[in-house]
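When we follow our numbering, the leftmost residue of the sequence shown carries the number 119, and every step to the right adds one.
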Amino acid sequence: MGNAIQLIVNGLSFGGLVFLLAAGLSIIFGLMDVLNLAHGSFYMIGAYTAYTVVMATQNFWLALLVAPALLAVIGAALEMVFFRRLYRHGHLPQVLMTFGFTLVFVDLIRSRFGPTTRAIPPPPGLGGAVHLATATFSSYSLFVLGIAIVIGALLVIGWRLTRLGVVLRAGVSDKEMAGLLGIDLPRTFTFTFAFGAALAGLAGVIAAPEFAIYPGMDANVLILALVVVVIGGLGSIEGALLGAAVIGLGYVIGSTLFPQFAIGLIFALMAAVLIIRPSGLLGRRS
119 MGNAIQLIVN GLSFGGLVFL LAAGLSIIFG LMDVLNLAHG SFYMIGAYTA YTVVMATQNF
179 WLALLVAPAL LAVIGAALEM VFFRRLYRHG HLPQVLMTFG FTLVFVDLIR SRFGPTTRAI
239 PPPPGLGGAV HLATATFSSY SLFVLGIAIV IGALLVIGWR LTRLGVVLRA GVSDKEMAGL
299 LGIDLPRTFT FTFAFGAALA GLAGVIAAPE FAIYPGMDAN VLILALVVVV IGGLGSIEGA
359 LLGAAVIGLG YVIGSTLFPQ FAIGLIFALM AAVLIIRPSG LLGRRS
């Protein structure tokens, strides 16, 4: 029983980390119709920013502020200078450009930090374990789960109850109509891209004490985030939350029970959802 509870908590914690990456990706794809393969690179840059800040200051909490701010600036600059020119040209140019940026970012990281794997310690007070009945949980995993729940709740509230959330949902539903109603789409797109990049950077910081930091660390987590977006439904924060929970549980339980088939199990879950509901669990039906 204790092992089962531990697996569930670890799965939800990992799912929470993937949610931070997938939420921004879902909004960007749903609102802007941009398939951003460089989104995982924002996660990697966030992790390396955390490493740099922690090595310089020994302050993880400072890294938690610096990395999202840096990634927001990078995301806004990329949207205004590069991606804005591609909106009317279909997905292929977007895929080629964003994939090109992934290669550029990996080479920049490798040239600055080398190919060596890096790591940072958990922040003070979160390096131990919590014992509950027969189950033992990592303090940091519980912290990650708590952060994901808080940010997920704030995103859902903002998405549903604020004026900005109404604007973004209007854009997801019908960009042309939103523009005719006077919504400043270019500014909205820039904000959306910057916000999504900041969330990915935050995910990178949170992942840094728990996972190895190395050039190319973005590849696997980007695949999982894309699967979450497909399962949850484009442009749906609630869908990203639900999809991330499903994928987190599936990946951790699969890695424990069937390590050779963990990734295959994830794609089997995605295929099952697409067969039953092609728009995703909480996606808008066409």
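Heads up, the beta-carbon is just placed ideally off N, CA and C, and yes, glycines get one too.
DSSP-derived helix/strand/coil call for A251: As a first step, residue 251 is located in the sequence shown; it is residue number 133 there, counting from the start. Three-state result, A251: coil.
Which first and last residues belong to the alpha helix (DSSP H) in which G198 is found? Against the sequence shown, residue 198 aligns to sequence position 80. According to the sequence displayed, residue 198 carries Met and not Gly. Counting along the chain, the alpha helix (DSSP H) containing M198 begins and ends at 178-199.
Answer yes or no: do F201 and V370 have a C-beta to C-beta separation smaller than 7 Å? Counting from one through the sequence shown, the residue named residue 201 turns up at place 83. Counting from one through the sequence shown, the residue named residue 370 turns up at place 252. Contact: no.
I'd like to know if the segment 334-345 and the segment 157-166 are in contact, where contact means that at least 3 CB-CB pairs between them fall below 8 Å. yes
Three CB pairs or more closer than 8 Å across the segment 355-374 and the segment 305-315: no
Is the beta carbon of L352 less than 7 Å from the beta carbon of G148? For the purposes of this step, residue 352 is taken as the residue at position 234 of the sequence shown. For the purposes of this step, residue 148 is taken as the residue at position 30 of the sequence shown. Against a cut-off of 7 Å, the Cβ pair of G148 and L352 comes out as a contact.
Give the single residue among S354, R278, H207, L367 whose Cα lies nearest to the Cα of V152. Numbered from its first residue, the sequence shown carries residue 152 at position 34. Comparing Cα-Cα distances from V152 to each of S354, R278, H207, L367, the minimum goes to H207.
Looking at A330 and F137, is the spacing between their C-beta atoms short of 7 Å? As a working note, residue 137 is residue 19 in the sequence shown. As a working note, residue 330 is residue 212 in the sequence shown. No, these two residues do not count as a Cβ contact at 7 Å.
Can you pull the DSSP bridge partners for S256? Within the sequence shown, numbered from 1, the residue matching residue 256 stands at position 138. DSSP output for S256 lists A247 as bridge partner(s).
If you check the beta carbons only, do V323 and L182 fall under 7 Å apart? Residue numbering aside, residue 323 sits at position 205 when the sequence shown is read from its first letter. Residue numbering aside, residue 182 sits at position 64 when the sequence shown is read from its first letter. Their beta carbons are under 7 Å apart, which means V323 touches L182 by this criterion.
Is the beta carbon of V285 within less than 6 Å of some heavy atom of the ligand ZN? The model on display carries no ligand, and the ligand ZN is accordingly not part of it.
V199 classed as buried or exposed, judged by whether at least 16 other C-beta atoms fall within 10 angstroms: Here residue 199 is taken as the residue at index 81 of the sequence shown, counted from 1. Answer is exposed; the Cβ neighbour count stays below 16.
Residues sharing a beta bridge with I355, DSSP: What you label residue 355 is simply residue 237 of the sequence shown in a count that begins at 1. None, per the DSSP bridge assignment.
Answer with buried or exposed for A187, where buried requires no fewer than 16 other C-beta atoms within 10 angstroms of its C-beta. Working through the sequence shown from its first residue, we reach residue 187 at position 69. So A187 ends up on the exposed side.
Among all the DSSP beta bridges, which residues are the ones paired with I331? The residue labelled residue 331 in the question sits at position 213 within the sequence shown. Note: I331 sits in a beta bridge opposite R236.
Start and end residues, alpha helix (DSSP H) containing M215: Along the sequence shown, one-based indexing puts residue 215 at 97. Start and end: 209-231.
Span of the alpha helix (DSSP H), counted from its first residue to its last, around R305: As a working mapping, residue 305 is identified with position 187 in the sequence shown. 303-325 is the span of the alpha helix (DSSP H), which, as asked, contains R305.
Just to confirm, is the Cβ distance from R230 to P333 under 7 Å? As a first step, residue 230 must be located in the sequence shown, where it is residue number 112. As a first step, residue 333 must be located in the sequence shown, where it is residue number 215. No, these two residues do not count as a Cβ contact at 7 Å.
Please go through the same chain and pick out, in chain order, the residues whose beta-carbon is closer than 8 Å to the beta-carbon of P233, but skip the five residues on each side of it. Taking the sequence shown and counting its residues from 1, the one referred to as residue 233 is at position 115. Answer for P233: Y332, P333, listed in chain order.
Start and end of the alpha helix (DSSP H) containing D336? Position 218 of the sequence shown, counted from the first residue, corresponds to residue 336. Here the alpha helix (DSSP H) through D336 covers 336-350.
Limits of the alpha helix (DSSP H) - the one that V391 falls within: Position 273 of the sequence shown, counted from the start, is the residue given in the question as residue 391. Counting along the chain, the alpha helix (DSSP H) containing V391 begins and ends at 380-394.
Expressed to the nearest angstrom, what Euclidean distance is found between the alpha-carbon atoms of E197 and I145? As a working mapping, residue 197 is identified with position 79 in the sequence shown. As a working mapping, residue 145 is identified with position 27 in the sequence shown. When rounded, the distance between both Cα atoms is 14 Å.
One question on the structure: do G246 and S257 come within less than 7 Å of each other, judged by their Cβ atoms? Counting from 1 along the sequence shown, the entry for residue 246 is found at position 128. Counting from 1 along the sequence shown, the entry for residue 257 is found at position 139. Yes, these two residues count as a Cβ contact at 7 Å.
What number of angstroms, rounded off, separates the C-alpha of W179 from the C-alpha of P241? The residue given as residue 179 occupies position 61 in the sequence shown. The residue given as residue 241 occupies position 123 in the sequence shown. So the two alpha carbons sit approximately 8 Å from each other.
Look at the alpha carbon of A156 and the alpha carbon of P327, and state the distance between them as a whole number of angstroms. What you label residue 156 is simply residue 38 of the sequence shown in a count that begins at 1. What you label residue 327 is simply residue 209 of the sequence shown in a count that begins at 1. The straight-line gap from Cα to Cα measures roughly 22 Å.
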